[in-house]
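As you go down the protein sequences, you meet chains A and B in turn. Okay, so the first sequence: first residue is 1 according to our numbering, each after it adds one. Okay, so the second sequence: first residue is 498 according to our numbering, each after it adds one. All remarks here apply to the structure that follows.
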Amino acid sequence: MLAWTLYLSFAGAVGMFLLPRENLRAPRVLALGMAVAGLLAAVGGALQHPIGGGIVVIAKQTWIPSLGADYFLAADGISLTLVLLTGVVATAGVLFSWNIELRPREFFAFYLVLIGGVYGVFLSFDLLLLLVFYEIAIVPKYFLIAIWGSTHREYAAMKLALYSFVGSALVIAGFVAAYVVSGAQTFNLLELAKFEYPREFQLWAFPVVFVGFGILAGLWPFHSWAPTGHVAAPTAASMLLAGVVMKLGAYGCLRVAMTLFPEGLAAWRGVIGILAVIGIVYGALVALVQRDFKFVVGFSSVSHMGFVLLGLATVTTIGLSGAVLQMFSHGILAGLLFGVVGRMIYDREHTRDLDQLEARHLGRALPFAAVTFVLAGLASMGLPGFSGFVAELSVLIGAWQRFPRLAVIAGAGIVVGVAYTLRAIQKAFFSGAEMPSPDPFQAGHGESAISVPEKVGAGLLIACTVVVGLYPRLLLDWIVPSFNSPLFDGLRRGAGL
Amino acid sequence: MDAHVLEHAAESGSRLQDLAWMVLFAPLITAAGTHMFLRRERSLAAGFNIAAVALSFVLSVVLFAAFAGETVAGSPFSWMPVAGMDISFGLRLDNLSLLMLLVVTGVALLVMLFSTGYMHEDPGYSRYFCTLSLFVFSMLGVVLADNFVMMFVFWELVGVTSYLLIGFWYDRAAAADAAKKAFLTNRLGDFGFLMGILLIWSATGTVHFGTAEAFLTAHPLALGSMASLAGVLVFMGAMGKSAQFPLHVWLPDAMEGPTPVSALIHAATMVAAGVYMLCRVFFLYTLPANWPDWLGFLQGIPASSIVAWIGGITALLAALIAVQQNDIKRILAYSTLSQLGLMVLAVGMGARLSAPNAGAAMFHLFTHASFKALLFLGAGSVIHACHHEQDIWKMGGLWQRMPVTFVTFLVGSLALMGVPLFSGFYSKDDILATSLETGPILFSLAVGVSALTTFYMSRLLLVAFLGRPRSSGAGQALESPSSMTWPLVILALSSVFAGWQIFGVSQFLTRHFLPEYRTHEFDPLFGPFNHNPTAAMFGFGAVLFGMSLAARIYYGAERDPLPGLMGRLARAMRHRFYFDEIYEATVVPLHDAAAAIAGWIDRWIISGLLVRGIPGAVEIAGRALRLLQTGNLQTYGLWFAAGAVLLAVFTLKR
């Protein structure tokens, strides 16, 4: 069932080219159909997944026998959470791209390839296959930004591509080394994770692979691609970029770097924790001085991903669960924030400069956007009732057990998070003139009223963050038992999980 | 102890305590319903939300009648499983929460009734009631929570809903700024609160109030060198919500919200949440002083002393500031700060009694809730009548034009001053007696605050209600409609009687902290003079002194003579001791500078140097690599083999 997520996405991408060129409507309908089908497949697969169960094999075929690479798809609670996230963000992304009129076939083809690659990474338990999907996910980003993007799009696309490929190069180097050193003639992650690499080897292999993946997760100081990339990308692409592509990096760190090289992790954990906390505080501080609304959201992503990395560095069940939950939470919220800023505001106002927006009374002109952004902002400040709170609380608890000082600083970062979010909310929506206003509950009228697809997309994302925030067990009941699977034996042995 | 409570709950067939869930959720349901269906149905929205809060109030009375004196738990449900332990949401009903339920739902109900009159013209009428219900829901969650995490969850919700209420008129820049300031300051305190929770959790392995209390009673040294720090961190949360120095700056600005909101938030609920929370975790403050090495200079000072001193400083500063404010709501706001300071002081002092208890603080919270809500609503009635004039020097002579408002306001003021027979007298006397037992300095401070309170409230009464009208608005003022005066009358009655011993609130609370406490005899109305004559005489003396001084200075005054008499001090008091300016001049630039530096690093070092540097390096590497990219398969094979050999050598060498 879960494998259909990626097959449907790729099929949709191919299907785009069967559509007539003149028809502007068909591509988005097809894309929506495929994204929704993918989401349904993800939900279906999740419902089939045994609660508390470990790794469920989906497909296993010999692929390149001479290398020992298999077409090996499987899922545990972590994959499941992220596959669900991808399905939700992909669907919302199409809904927020309903107004794409420039070469929609190509746009949605790249979009679906990207999604398919992401699904593939989350489901691959074979390193070579994972790498292939990883690269498949990276390439379309370049085109999405370079062709459909805005501000400095060529620069941003190139920067993103360079960062990604440097990351991949490190990852490939690490994989090859791991393959050769183990001598096991297999790329099967489960097999490789059983192998105990020599400590000296782990000490350099771990940082290579972790940083390789970490670049994509916005690991400070390698985060610089993220804000520029997010800003330049078209709305749907920034939603995917912040929503799921950054998760690829964090997922790789957890799934590969940490499980293969637990002793390396144990040695480097403190450094990662410090970098993560710097990312949290630094991202928040930089967000505080941005004038471009999208940069605010972009740097907030760096800050929030810092919580994911901090959770990983704790190597406690609660910290790791919190990290996975934060991946989900941030994916949803980043999608929502970029959706509001990129689609609801920028496409209508043609500016994202907070000083200019200040004069436009968007709270009154676009009340739906205002309410949505306030909700998303409250959620991203880590307020209870939304998913971010549970995730950040879990990470902080985990961090408190390992590095209490870092936990304190990370907690202070949350306060700065409040400051930049409130600043953005007030500047963009509720400032300026003193004039009588209609009740913001009453929807705006006129040609620029928020369209139905946008409302559905925003509603979907808000529902996800609220449901998980109110009842986190929904995901935690899958995530927490995942860490009992044999894949994490090494972590238990080498890093004291 | 709590295992026992839970068993008790599970065994007994009656699930009456689960009504508490309904108390909690009724306002949420109507808030959601209003938001979804009743945005344009003004009176329906108001009625619907009022009915929900009324239901909560009635159920609270039922629960009070059924469970007073017991400790029971509403059925918990598991919320978040983590690392072998479960964070569940459960409700705790004991004397503390039962009484607080009555206060919150009762005051909220009256405030909502009052609002039907006060907010009648407002276009956001439905939104107003919807947010108010949401606020009541959050506050009830804080009251009923049986563990730290759940309390923190609702604690934050109180912060958010108060943000929405303070910024209700978000078109006004001042309101939006005030909302932002309140939220940020609260978040700052909550950061400490959260850290305190994590600390307690890691030391005791539980976040459940009952379990943690039992554990710490059995092992008072379990928190080790973190004992006092945990108390102070948790107290930071209370400093934010209850607006204690130095986080007090948000409360006066928060008066930008609609006046009934001020009555609800700043008298009975949100600001009281901090004091309530301190009473809830009172067991933390009876632990012996113990600081980690890096805070060694505090060794020997218990957390409770810090709490008491912060409360005392807040009480004194705010009372001094109140003396020189001219905005009727701001006077009440600073008075609230000052009274909250007294309550916090009582918590800190109570922890150092020979039989530690925070009964005095909760008692004062209880009486203060009704008379301060009364004063705020009375102020609302005055402002409404004077066409939104808030300067007391532009009022005057209102006693003739608004008799009901005047009489009720007078009752509230007398209660606040602590005049015998009025509720505030009894609760303030409890605080004075508590502080007399533990230290003369804080006792004299509390007496001084008492005198100042009487002074500024007398000034307010003399200037705003007596004398002759000093503006046309005041001259034409008319008594408010009955929807606004009835709540005033009800609150006035409770402001008189709430403190009387015959209702036993004080003993009821003391029993919460000291189960073996026995009431000896029925106390007459002047009981305090028998129990602790020193405290009562000093308190009464302070009232007489403040009143006569205010009468001398302000009787018939047309302008404020105090600046002429006190010069610079009066100016400092008028300018609120320049706290906002000091923060503006220190914290804000510091914060901006940090942000600017981080922004600069990102722009010039990370993006500029490294990122533009890397492509340069990449280009050089690319040229080097081009030498390798021959397109010849054999060469590639050779390089691959060489690499593999290198790796093999590298590994085999070890």
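Cβ coordinates follow ideal geometry from the N, Cα and C atoms, glycine included.
Around the Cβ of proline 20(A), are there at least 16 other Cβ atoms within 10 angstroms (buried) or fewer (exposed)? exposed
Enumerate in chain order the residues of its own chain whose CB-to-CB distance from threonine 982(B) is below 6 Å, with the five nearest sequence positions on each side excluded. Val901
Give, in chain order, every unbroken run of the alpha helix (DSSP H) that is at least 4 residues long and sits entirely within the region 814-876 of chain B. 825-847
If the criterion is Cβ atoms closer than 9 Å, does the pair tryptophan 652(B) and glycine 734(B) meet it? yes
Distance between leucine 84(A) and valine 36(A) (C-alpha atoms, nearest Å): 11 Å
Collapsed DSSP secondary structure at serine 955(B) in the structure displayed: helix
I want to verify the contact list: residues of chain B whose CB lies under 8 Å from the CB of alanine 412(A), in sequence order. Phe688
Under 9 Å, Cβ to Cβ, is there at least one residue of chain A near histidine 705(B)? no
Using 10 angstroms around the beta-carbon of phenylalanine 534(B), count the other beta-carbons present and answer buried if the total reaches 16, otherwise exposed. exposed
As assigned by DSSP and simplified to three states, the class of arginine 1056(B): coil
What does a CB cutoff of less than 7 Å around threonine 235(A) pick up in its chain, not counting 5 residues either side in sequence? Phe96, Ser97, Phe338, Gly339, Gly342 and Arg343
Give a yes or no on contact between the region 780-792 of chain B and the region 625-640 of chain B, applying the rule of three or more CB pairs nearer than 8 Å. no
Arginine 589(B) bridges to which residues according to DSSP? Ala570(B)
What is the rounded straight-line gap between the Cα of valine 171(A) and the Cα of leucine 32(A)? 33 Å
Could you tell me the boundaries of the beta strand (DSSP E) in which isoleucine 64(A) lies? 56-64
Use the C-beta contact count for alanine 570(B): other C-beta atoms within 10 angstroms, 16 or more gives buried, fewer gives exposed. buried
Quick one: is tryptophan 493(A) buried, meaning 16 or more other Cβ sit within 10 Å of its Cβ, or exposed? Per the sequence shown, residue 493(A) should be read as arginine rather than tryptophan. When all chains shown are included, arginine 493(A) counts as exposed.
Rounded C-alpha distance that separates valine 286(A) from valine 166(A): 25 Å
Buried or exposed (CB count within 10 angstroms, at least 16 for buried), leucine 1143(B): exposed
Distance CB(proline 755(B))-CB(tyrosine 615(B)) smaller than 9 Å: yes
If I measure Cβ to Cβ from valine 555(B) and keep anything under 7 Å in the same chain, skipping five residues before and after, which residues do I get? none
Can you find a C-beta in chain B that's less than 9 Å from the C-beta of glycine 446(A)? The pLDDT assigned to glycine 446(A) is 42, lower than 50, so where the model puts this residue is not dependable, and the model offers no usable value.
What did DSSP end up calling phenylalanine 165(A) once you bin it into helix, strand or coil? helix
When we look at the beta-carbon of threonine 766(B) and count the other beta-carbons within 10 Å, is it buried (16 or more) or exposed? buried
Closest Cα partner of serine 380(A) within the set Ile78(A), Leu460(A) and Ser301(A): Ser301(A)
Measuring only between beta-carbons, confirm whether tryptophan 747(B) sits less than 9 Å from chain A. no
Interface residues of chain B facing leucine 383(A) [CB-CB closer than 7 Å]: Glu653 and Val657
Under 9 Å, Cβ to Cβ, is there at least one residue of chain A near histidine 884(B)? no
Kindly indicate the opening and closing residues of the alpha helix (DSSP H) around tyrosine 111(A). 104-123
Give me the chain A residues within the contact set of lysine 738(B), using Cβ-Cβ distance strictly less than 7 Å, ordered along the chain. Those do not exist, as lysine 738(B) stays about 15 Å from chain A at its closest Cβ, beyond 7 Å.
Below 8 Å on the Cβ atoms is my contact criterion, and I expect phenylalanine 952(B) with leucine 850(B) to pass it. Report the Cβ-Cβ distance as a whole number of Å. Going by Cβ atoms, the distance from phenylalanine 952(B) to leucine 850(B) rounds to 30 Å, so no, they are not a contact pair.
Around the Cβ of glycine 319(A), are there at least 16 other Cβ atoms within 10 angstroms (buried) or fewer (exposed)? buried
Tell me where the alpha helix (DSSP H) around leucine 337(A) begins and ends. 317-338
So is proline 436(A) in contact with chain B if we call contact Cβ pairs under 9 Å? Any reading at proline 436(A) must be qualified, since the residue scores a pLDDT of 43, below 50, and its modelled position is unreliable; the value itself is stated next. Answer yes: the Cβ-Cβ gap between proline 436(A) and chain B drops below 9 Å somewhere.
Check the DSSP bridge columns for tyrosine 71(A) and list the partner residues they point to. Gln61(A)
Please state if the CB of serine 557(B) and the CB of threonine 613(B) are separated by a distance shorter than 9 Å. no
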